[in-house]
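Reviewing the structure listed below.
2 protein chains.
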Amino acid sequence: MKLHGFFRSSASYRLRIALALKGIAAEQVAVHISRPGGGDQFQPGFRKLNPQLLVPVLEDDGHAFVQSLAILEYWEETHPTPPILPEGAAARARVRGLALMIACEMHPLNNLRVLNYLTGTLGASEDAKLAWYRHWVKLGFDALEPMLANSAETGIFCQGDAPTIADICLVPQVFNAKRFDCPLGDYPTIMRIYETCEKLPAFAAAHPSRQPDAA
Amino acid sequence: MKLHGFFRSSASYRLRIALALKGIAAEQVAVHISRPGGGDQFQPGFRKLNPQLLVPVLEDDGHAFVQSLAILEYWEETHPTPPILPEGAAARARVRGLALMIACEMHPLNNLRVLNYLTGTLGASEDAKLAWYRHWVKLGFDALEPMLANSAETGIFCQGDAPTIADICLVPQVFNAKRFDCPLGDYPTIMRIYETCEKLPAFAAAHPSRQPDAA
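As given, the protein sequences belong to chains A and B, one line each in that order.
First residue of the first sequence? That's 278 in the working numbering, and the numbers climb one at a time after it.
First residue of the second sequence? That's 278 in the working numbering, and the numbers climb one at a time after it.
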């Protein structure tokens, strides 16, 4: 099993957490996506692996799987212990919903190629780019905070007392929000869960600063 | 079961297709999200249902579920026949990957609130907004087309000969691409699958033009 990723990529970070939680061994290949003048994702070899030119990609058993949430579900099916989805259809739907709120509505808007389009094609200033970034983080966390704070299903983690794909998406999103100095004071529940996760060895081992390709 | 949606919303359209494919009965509630001066999603009642202020929302069994892909998985678990995911972890990962390529990397960038931010806050022209829209459709379909065309797993539909969540995401994305006059001539496989789906009663019944709230 070979995981192509980048230390600072949110979606790669999610997969590193899951690998560590589940104790799955995978060779990790660094794809430097923000190299000045064009990242490694534009090389022909990578283009063949993932025509969408995004990390992460998982090579396993002759397949090249894309999209981090699809890969998390793949591992949940092939390596079910410990689980990263709860039992029960309703609880699973809540957890997937929380994960997708981050993976669909926050992260893609603040992806590197989107920020590059803003400043390049649209000629947005650095300040306008930062405001854009913080706007989508704020909208997302403004919704996540009450959904976590007001639900009896929230426990030590987003759902009960074991980490799930919701926490796996939350932690990299908070990491990135901190990197862009987004105000986080209004999100006590998000930050409590983030800090709880950070204390777990699996989350700590997956941190961007601890990856071999960290600059 | 009560589904809150909007006739033209891609994510609502996905869920209508799945309801029809699976033969699930649900009351449909129209949430007019593009009303001049502020859509129905900003009303207090809806904000309580989904603090993210997005459609669709599924009310079922005392829960309010958000995010269309989470709801598709929920129905797959609670109403497994006919399935909208294939058998086998690798095939399921491929299908989820294709669906997420649309749901994460294409659709959120061209969402109403993003387009409003471009023209409002960033002062982008209508032409620049259209170019933005077409850019992300092109990037997404440029990747999807070879992934579908070059895979032996592609059949009549995205995966084999039965519709899955990949087709359920693909059809509304093509519908929207057509609405914004995106060039589609370079995507023969995508268009073949789209046209095959359109002939199925479940996809036809879910079409935006056939919903009671269509203007």
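Here a beta-carbon is modelled for each residue, glycine too, at the ideal position from N, C-alpha and C.
8 Å Cβ cutoff met for residue i and residue j
{"i": "Glu304 of chain A", "j": "Lys325 of chain A", "result": "no"}
{"i": "Ile379 of chain B", "j": "Leu477 of chain B", "result": "no"}
{"i": "Pro449 of chain A", "j": "Ile361 of chain A", "result": "no"}
{"i": "Ala288 of chain B", "j": "Pro333 of chain B", "result": "yes"}
{"i": "Thr396 of chain A", "j": "Ile433 of chain A", "result": "no"}
{"i": "Ala443 of chain A", "j": "Ala376 of chain A", "result": "yes"}
{"i": "His412 of chain A", "j": "Tyr394 of chain B", "result": "yes"}
{"i": "Arg291 of chain B", "j": "Ile445 of chain B", "result": "yes"}
{"i": "His281 of chain B", "j": "Val306 of chain B", "result": "yes"}
{"i": "Leu416 of chain B", "j": "Ser311 of chain B", "result": "no"}
{"i": "Cys459 of chain A", "j": "Val414 of chain A", "result": "yes"}
{"i": "Ile348 of chain A", "j": "Leu330 of chain A", "result": "no"}
Residue environment, residue i, which counts as buried when at least 16 other CB atoms sit within 10 Å
{"i": "Ser486 of chain A", "result": "exposed"}
{"i": "Pro242 of chain A", "result": "Here chain A comprises residues numbered 278 to 492, so residue 242 of chain A is not present and cannot be evaluated."}
{"i": "Pro359 of chain B", "result": "exposed"}
{"i": "Arg456 of chain A", "result": "exposed"}
{"i": "Phe319 of chain B", "result": "exposed"}
{"i": "Asn453 of chain B", "result": "buried"}
{"i": "Pro223 of chain B", "result": "Residue 223 of chain B cannot be examined here, being either before or after the span of chain B that is shown, 278 to 492."}
{"i": "Ala429 of chain B", "result": "exposed"}
{"i": "Asn387 of chain B", "result": "buried"}
{"i": "Gly374 of chain A", "result": "buried"}
{"i": "Asn427 of chain A", "result": "exposed"}
Chain A within 8 Å of residue i, Cβ atoms only
{"i": "Cys446 of chain B", "result": "no"}
{"i": "Met424 of chain B", "result": "yes"}
{"i": "Glu403 of chain B", "result": "no"}
{"i": "Arg369 of chain B", "result": "yes"}
{"i": "Tyr394 of chain B", "result": "yes"}
{"i": "Phe342 of chain B", "result": "yes"}
{"i": "Pro333 of chain B", "result": "no"}
{"i": "Gly374 of chain B", "result": "yes"}
{"i": "Leu399 of chain B", "result": "yes"}
{"i": "Ala366 of chain B", "result": "yes"}
Proximity test, Cβ basis, 8 Å: residue i and chain B
{"i": "Asp338 of chain A", "result": "yes"}
{"i": "Met553 of chain A", "result": "Outside the shown range of chain A, which is 278 to 492, sits residue 553 of chain A, and nothing can be said about it."}
{"i": "Phe418 of chain A", "result": "no"}
{"i": "Gln329 of chain A", "result": "yes"}
{"i": "Tyr351 of chain A", "result": "yes"}
{"i": "Ile348 of chain A", "result": "yes"}
{"i": "Thr355 of chain A", "result": "yes"}
{"i": "Val391 of chain A", "result": "yes"}
{"i": "Val381 of chain A", "result": "As written in the sequence, residue 381 of chain A is Cys, which differs from the Val given in the question. So, interface residue."}
{"i": "His412 of chain A", "result": "yes"}
{"i": "Pro385 of chain A", "result": "yes"}
Cβ separation of residue i and residue j, assumed to be a contact under 8 Å, to the nearest whole Å
{"i": "Val308 of chain B", "j": "Phe284 of chain B", "result": "About 10 Å separates the two Cβ atoms, so there is no contact after all."}
{"i": "Ala366 of chain B", "j": "Ala482 of chain B", "result": "No, Ala366 of chain B and Ala482 of chain B are not in contact; Cβ-Cβ is about 31 Å, not under 8 Å."}
{"i": "Leu399 of chain A", "j": "Leu399 of chain B", "result": "7 Å"}
{"i": "Ile294 of chain A", "j": "Phe480 of chain A", "result": "6 Å"}
Exercise for review: Would you check if the stretch 362-373 of chain A and the stretch 336-347 of chain B touch, i.e. whether three or more CB-CB distances between them fall below 8 Å?
Suggested key: Short answer: they touch.
**Study point:** Inter-stretch contact (C-beta, 8 Å, three-pair minimum) for the stretch 382-393 of chain B and the stretch 348-356 of chain B
**Key:** In short, these stretches do not touch, since the Cβ pair count stays below three.
Check your understanding: Counting pairs of beta carbons, one from the stretch 458-469 of chain A and one from the stretch 420-435 of chain A, are three or more of them closer than 8 Å?
Key -> Result yes; three or more Cβ-Cβ pairs closer than 8 Å.
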